[in-house]
Amino acid sequence: MPASVLSDGGCSRAGGSWRRSQARRSLLVTRAVGDDDAPSVMGDWRAFRAKLVADVGVGKGWAARQAQQNLQLLEMQNPVLAREETWAHATGAPEVGGLLLATPDVSRLLGEQYWQAVVLLVRHDEEGSLGLILNRPTELNMGRGRGGLPIRLQGLDELRDSFSESRLYCGGFKAQQVITLLHGQRRLEGSVEVVPGIYSGGQDAAAAEVATGGMSQHDFRFFAGCCTWQPGALSQEIAAGAWQPAACSRTLVLKQCLRLPVPLWREAMCLLGGEWAETARQQRRQDEGSDSDSE
């Protein structure tokens with residue numbers, strides 16, 4: 001049976017305005033990375049704010065080393081993205097384009113499936129909230145052969161051919177029949193800006209660019225499913241201590257979470273610095289059963 005994929009309808013049921021604007025332009029939620037210049041400070045208030053808080057960053061100790069270890073892999077996968085600055089800082093409230101970092105209490109509060117989850121918030125307004133878990137790769141890819149999606153994608157053969165080796169991530173536990181594509185290419189026809197430097201849509205143009213060698217499969221990320229919250233529910237979970245909201249650079253959102261030397265959750269927490277970096281250090285010791293900070 002054909003699947004209703006690359007359609008934002010399922011993931012957008014948490015609210016209306018974002019769903020309607022996306023549906024008019026694209027069959028997919030997309031964000032990608034590539035040859036576009038990084039958004040300027042004047043064009044992105046989030047980057048400007050990050051510079052204002054940079055003086056309370058991670059310093060040069062253990063936390064800084066954690067935040068640097070993934071750079072070498074990114075340089076191989078996406079050299080253009082690797083040249084951009086990577087940053088994150090805590091915020092007092094959730095915001096679109098920012099992260100929700102699971103706290104050590106999230107498993108007790110929400111369930112084991114959210115352990116060390118890093119969620120990109122795609123929408124947050126009076127109608128509800130919607131996010132994508134960034135760090136849950138599946139064993140499936142977008143291809144049609146062995147290891148590929150065991151479903152038919154109507155009218156999307158070219159997409160599957162172009163992205164045959166692209167890993168599929170679990171974006172959440174709602175609307176898992178819906179596939180979302182994330183990228184950073186503002187010039188792709190059909191793409192929609194979510195926040196400066198991060199876009200949704202334009203899958204046909206993306207497939208054509210990859211097929212002709214204009215862009216790489218590493219520039220794009222595919223997600224099945226999403227996380228949704230009814231109005232006020234996310235704020236309640238944050239108040240209960242399940243999530244730490246944070247702003248971040250697009251490098252954390254757009255890079256692949258495959259074979260990372262340092263897990264994305266730990267990297268993001270270390271970038272926040274202070275008590276969050278210490279939490280990451282303690283969690284690493286607990287997870288690995290070690291008292292060593294040698295890495």
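At position 139 of the sequence shown (counting the first as 1) the number is 139 in full-length UniProt numbering, and the numbers step up by one without a gap. Here a beta-carbon is modelled for each residue, glycine too, at the ideal position from N, C-alpha and C. Since we're looking at a predicted model, the values are computed, not measured.
Alpha helix (DSSP H) segment containing residue i, residue limits
i: Glu275; result: 274-288
i: Gln77; result: 71-77
i: Gln176; result: Run containing Gln176: none in the alpha helix (DSSP H); it sits in the beta strand (DSSP E), 174-183.
i: Leu109; result: 106-110
Neighbourhood of residue i by C-beta distance below 6 Å, restricted to the same chain and skipping five residues each side
i: Thr138; result: Leu168, Cys170
i: Gly148; result: Asn141
i: Ala63; result: Cys270, Ala277
i: Thr86; result: Ser249, Thr251
i: Gln230; result: Gly128
i: Ser164; result: Gly143
i: Ala117; result: Ala102, Ile133
i: Arg281; result: none
Element boundaries [beta strand (DSSP E), containing residue i]
i: Ser200; result: 198-201
i: Pro137; result: 137-141
i: Arg123; result: 118-125
i: Glu191; result: Inspection of the sequence shows that residue 191 is occupied by Ser rather than by Glu. Unbroken beta strand (DSSP E) run through Ser191: 191-195.
i: Ser164; result: Taken as a continuous stretch (DSSP letters only), Ser164 belongs to no beta strand (DSSP E), as it is neither H nor E.
i: Ala64; result: From DSSP, Ala64 is part of no beta strand (DSSP E) but of the alpha helix (DSSP H) over 62-68.
i: Leu101; result: 99-102
i: Leu130; result: 128-133
i: Ala93; result: From DSSP, Ala93 is part of no beta strand (DSSP E); its letter is neither H nor E.
Residues near residue i in its chain [Cβ-Cβ closer than 7 Å; skip 5 each side]
i: Val262; result: Gln66, Gln69, Asn70
i: Glu267; result: Gln66, Ala67, Asn70
i: Ser166; result: Asn141, Met142, Gln217, Phe220, Phe222
i: Arg25; result: Any reading at Arg25 needs caution, since the residue's pLDDT is 33, under 50, leaving its predicted position unreliable; the model's value is listed next. Correct list, in chain order: Gly190, Val192, Gly201.
i: Pro104; result: Thr279, Gln283
i: Gly98; result: Thr91, Leu121, Pro245, Ala246, Ala247, Cys248
i: Ala205; result: Leu188, Glu189, Gly190
i: Val58; result: Because the pLDDT of Val58 is 48, which lies under 50, any placement of that residue in the model is unreliable, and the number read from its coordinates should be weighed accordingly. Only Ala64, Ala67, Cys270, Leu271, Gly273, Ala277 meet the Cβ criterion.
For residue i, the nearest candidate out of the options (CA to CA)
i: Gly241; options: Leu260, Gly273, Leu101; result: Leu101
i: Leu181; options: Phe220, Trp265, Arg285, Val195; result: Phe220
i: Ala88; options: Arg284, Gln282, Gln244; result: Gln244
i: Ala246; options: Ala233, Leu272, Ala239; result: Leu272
i: Glu84; options: Arg284, Gln283, Cys248, Cys270; result: Cys248
i: Leu234; options: Lys174, Ala93, Trp115; result: Ala93
i: Val80; options: Ala205, Phe163, Gly197; result: Gly197
i: Gly214; options: Gln185, Gln176, Gln236, Glu237; result: Gln185
i: Gln176; options: Gly131, Gly111, Gln236, Gly145; result: Gly131
i: Arg160; options: Gln77, Leu264, Ala211; result: Ala211
i: Gln77; options: Val106, Val178, Leu260; result: Leu260
Same chain only: Cβ atoms within 8 Å of residue i, ignoring 5 sequence neighbours per side
i: Ala82; result: Leu71, Leu74, Glu75, Thr251
i: Gln286; result: none
i: Phe173; result: Gln113, Gly225, Cys227
i: Leu109; result: Glu237, Ala240, Gly241, Ala242
i: residue 301; result: With the chain covering only 1 through 295, there is no way to say anything about residue 301.
Q.
Between the stretch 251-270 and the stretch 72-81, can you find at least three pairs of beta-carbon atoms closer than 8 Å?
A. yes
Q.
If contact is defined by three or more beta carbon pairs under 8 Å, each pair taking one atom from either stretch, is the stretch 282-290 in contact with the stretch 119-128?
A. no
Q. Mind pulling the alpha helix (DSSP H) runs of 4 or more residues that sit fully within the stretch 203-265?
A. 203-211, 233-240, 250-254
(Q) For the pair the stretch 190-197 and the stretch 222-231, tell me if three or more CB-CB distances fall below 8 Å. (A) no
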